[in-house]
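Asks: Just passing along the structure, written as structure tokens.
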Amino acid sequence: MAMDNNNAGKSDVELGSYAMPRKWTPRQPLVIGLTVIVSAIALMGMRQIGMRSAIAFEGEQSTFDFQGDAQLQTRYERLMADLGSAKDPLDVAFADFGNSPFAMREAIAPLQQAVVAKTLAGESPEEAARRTSAARKTALLNEAGKLVLHSVMGGKLPLARINDETVTVGDTVAEYFTVAEIEGRNVTITADGEAFTLSMQAGNVPPAGNSPAPKRRP
């Protein structure tokens, strides 16, 4: 009986130490709901502020009143005129460029200037052509007289030293003449269908500019 009393007391202690579960209260959902509501209100307020700012910005237009300053207006009109003229290509005659170092020069240009002859009163076109042709031949003869034949070397590829140039058959001399033949102590050059013969003096080589007059072939 004593053991039963002990067991009974022990059971009472164990039952007394067992805690009853607490009753659940809905605080957490309430806090979460309040947080969501406050966040939504804040987002809507920020959106409204941003929309008002955008509308106010679009309403403001940047304007520039250049009518108030006469000098600025003149400069503006001049600038617009220059921009408008830049769209049109320049139309300048080629002769207005003068002697451009980038333009190809005609080899016979100096001779053309030397033989330009004005048509005389009462002169027929045929007479003017003959006179121009004669003046051209004279100019060619004068240019050929400036050439000096210093030396000649024969062989399969004959060479000649004319002024400061070493040439062979087919080369151009002094811009106007073409070497047609190198034979013996003579060199034949041609220009405009006219043939001229340069001869080398015996003994000392003559200085430049003092060579014998070239012989014109018939």
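With the numbering used here as the guide, the letters of the sequence shown map in order to residues -18 to 199.
Built from N, CA and C at the ideal position, the CB exists for glycine as well.
1. Check the C-beta distance from Val129 over to Pro139 and give it rounded, since I have them as a contact under 8 Å.
2. Should Glu209 be labelled buried (16 or more other beta-carbon atoms within 10 Å of its own) or exposed?
3. Quick one: give me the first and last residue of the beta strand (DSSP E) that Glu164 is part of.
4. Which parts of the segment 106 to 137 are runs of the alpha helix (DSSP H), unbroken and 4 residues or longer, counting only runs that do not cross its ends?
5. Alpha carbon to alpha carbon, what distance is there between Gly165 and Ser180?
6. Rounded to whole angstroms, what is the Cα-Cα separation between Ile30 and Leu24?
7. Let me confirm a value: Val12 is counted as buried when at least 16 other C-beta atoms fall within 10 Å, else exposed. Which label applies?
8. From this set, Asp63, Gly174, Arg8 and Ile170, which residue's C-alpha is nearest Lys268's C-alpha?
Replies: So, from the listed chains and residues:
1. Not really, about 18 Å apart at Cβ, beyond 8 Å.
2. In the structure displayed, the chain extends from -18 to 199; residue 209 sits before or after that span and is not available.
3. Phe158 to Glu164
4. 106 to 125
5. 9 Å
6. Note on geometry: alpha-carbon atoms of Ile30 and Leu24 lie some 10 Å from one another.
7. exposed
8. Shown here, the chain extends from -18 to 199; a query on residue 268 therefore has no answer.
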